[in-house]
Amino acid sequence: MSETLTFDPIWEEKYSQGHSQRYPWDAVVSFVFRHYPHHKPRHEVRILEVGCGTGSNLWFAAREGFCVSGIDASHSAVKYAQKRFAEDNLTGDFRTGTFNQLPFENNYFDLVIDRGAITCCGLSVAQQTVAEIRRVLQTGGKFFFNPYSDRHSSYVSGRPGSDGLTLDISAGTLVGVGQICLYGRREVESLLTDAWKMLSLQHLEIVEQIQPQYMLHAEWRAISEKVY
Ligand SMILES: C[S@@+](CC[C@H](N)C(=O)[O-])C[C@H]1O[C@@H](n2cnc3c(N)ncnc32)[C@H](O)[C@@H]1O
Numbered sequence: 029m030s031e032t033l034t035f036d037p038i039w040e041e042k043y044s045q046g047h048s049q050r051y052p053w054d055a056v057v058s059f060v061f062r063h064y065p066h067h068k069p070r071h072e073v074r075i076l077e078v079g080c081g082t083g084s085n086l087w088f089a090a091r092e093g094f095c096v097s098g099i100d101a102s103h104s105a106v107k108y109a110q111k112r113f114a115e116d117n118l119t120g121d122f123r124t125g126t127f128n129q130l131p132f133e134n135n136y137f138d139l140v141i142d143r144g145a146i147t148c149c150g151l152s153v154a155q156q157t158v159a160e161i162r163r164v165l166q167t168g169g170k171f172f173f174n175p176y177s178d179r180h181s182s183y184v185s186g187r188p189g190s191d192g193l194t195l196d197i198s199a200g201t202l203v204g205v206g207q208i209c210l211y212g213r214r215e216v217e218s219l220l221t222d223a224w225k226m227l228s229l230q231h232l233e234i235v236e237q238i239q240p241q242y243m244l245h246a247e248w249r250a251i252s253e254k255v256y
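With the working numbering, you'll find the sequence shown wraps up at 256, consecutive numbering, no jumps.
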């Protein structure tokens, strides 16, 4: 496979075989409730998720009355999200496309969510995507960025690819994710300079003690505000 894919087709393969995420991630729920502009009525608060998968995070936000949009390069994932929203009588604007070219207008969203999606691309695509996120966010809008960390146990089992990617991971919980970029603090911070003010930067480490023994799960949770 080419070493710098903008979209690893492994995701379309997974979703077309029925892979789905039904409920939202706790970190996304906390981010939305803590950082949405409380002075606005919820139906006027616009939330975008890049790499939204089957739409579980946006499903929660829509049920809470927010105005939601999502983009994912997997056609099957977007189809699943649209069907679920229709079944639950929820409104959401879902697009199939790659997140480094966002089909949305400038200064439109209040919040942008990345839950483990930008980390599926190399650093140059991540840079383009963060520039796009900056473009579509309003000044004062907040961005949740959630890549995996290079402290993750799976890291050493992969082989280095180009553009910061790790390929062919063969051990630990990241087996089967396809190409992945595991971030150090410097990489996270270098994406969020200039127009961004970092409000919170957390490094999460969870150590499994039993099966597989001493497996370390590690990820970053960065919350940044667009200042100009
Ligand atoms: C780990 S899944 C996360 C899905 C969702 N954010 C969640 O929390 O359930 C990563 C997602 O990123 C999507 N993705 C990867 N590269 C992409 C790209 N270049 N443009 C749009 N979506 C992409 C994949 O299709 C997949 O749905």
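Virtual Cβ for every residue (Gly too), placed ideally from N, Cα, C.
Beta bridge counterpart(s) of residue i as assigned by DSSP
i: Trp-53; result: Its beta-bridge partners do not exist; DSSP assigns none.
i: Val-23; result: As displayed, the chain neither begins before 29 nor continues past 256, which places residue 23 out of reach and without an answer.
i: Gln-230; result: Arg-249
i: Ile-208; result: Thr-194
i: Leu-33; result: Paired residues: none, contrary to the question.
i: Val-235; result: Leu-244
Nearest-angstrom Cβ-Cβ length linking residue i and residue j, presumed shorter than 8 Å
i: Lys-254; j: Thr-167; result: 6 Å
i: Phe-137; j: Arg-70; result: Going by Cβ atoms, the distance from Phe-137 to Arg-70 rounds to 14 Å, so no, they are not a contact pair.
i: Ala-154; j: Ile-146; result: 5 Å
i: Val-60; j: Ala-89; result: 6 Å
i: Phe-132; j: Leu-76; result: 7 Å
i: Asp-191; j: Ser-218; result: Between Ser-218 and Asp-191 the Cβ distance is about 14 Å, and since that is not below 8 Å, they are no contact.
i: Arg-62; j: Trp-87; result: About 19 Å; that fails the 8 Å criterion.
i: Asn-117; j: Thr-157; result: No, Asn-117 and Thr-157 are not in contact; Cβ-Cβ is about 31 Å, not under 8 Å.
i: Gly-206; j: Cys-148; result: 7 Å
i: Ile-208; j: Leu-193; result: 7 Å
i: Ala-223; j: Arg-162; result: 5 Å
i: Ser-102; j: Tyr-43; result: 5 Å
i: Phe-94; j: Tyr-64; result: 7 Å
i: Glu-160; j: Leu-139; result: Actually they do not touch by this definition, with Cβ atoms about 15 Å apart.
i: Gly-125; j: Ala-109; result: Not confirmed; about 14 Å, so no contact.
Closest residue to residue i among the options (Cα-Cα distance)
i: Asn-135; options: Val-57, His-47, Leu-165 and Thr-124; result: Leu-165
i: Ala-199; options: Tyr-211, Asp-191, Ile-208 and Gly-186; result: Gly-186
i: Val-56; options: Gly-206, Tyr-211, Ser-218 and Lys-170; result: Lys-170
i: Leu-210; options: Phe-132, Arg-249 and Glu-236; result: Arg-249
i: Phe-122; options: His-231, Asp-100, Val-184 and His-63; result: Asp-100
i: Leu-244; options: Lys-42, Thr-221, Ser-181 and Gln-129; result: Ser-181
i: Thr-82; options: Ala-105, Arg-62 and Phe-94; result: Ala-105
i: Arg-179; options: Ser-44, Ile-238, Ile-251 and Leu-232; result: Leu-232
i: Pro-175; options: Gly-79, Pro-240, Ile-38 and Thr-32; result: Gly-79
i: Tyr-242; options: Thr-201, Phe-173, Ala-223 and Tyr-256; result: Thr-201
i: Leu-229; options: Phe-173, Pro-188 and Pro-240; result: Phe-173
i: His-47; options: Leu-130, Ser-84, Glu-72 and His-66; result: Ser-84
i: Val-322; options: Glu-247, Lys-225 and Glu-160; result: Summary: the structure shown does not reach residue 322, with the chain confined to residues 29 through 256, and so no result is reported for it.
i: Ser-252; options: Glu-72, Gln-237, Pro-240 and Val-216; result: Val-216
i: Tyr-256; options: Gln-237, Lys-225 and Ile-238; result: Lys-225
Contact with chain C by residue i, beta-carbon distance below 8 Å
i: Ile-99; result: Among the chains of the structure shown, chain C does not appear; only one protein chain is present.
If we require 3 or more residues per run, which beta strand (DSSP E) segments fall completely within the segment 116 to 191? Runs of the beta strand (DSSP E) inside the segment 116 to 191: 120 to 124, 137 to 143 and 165 to 174.
Only counting runs of 3 or more residues, tell me where the beta strand (DSSP E) segments fall wholly within the segment 37 to 116, in order along the chain. Listed in chain order, the complete beta strand (DSSP E) runs (minimum 3 residues) inside the segment 37 to 116 are 74 to 78 and 95 to 100.
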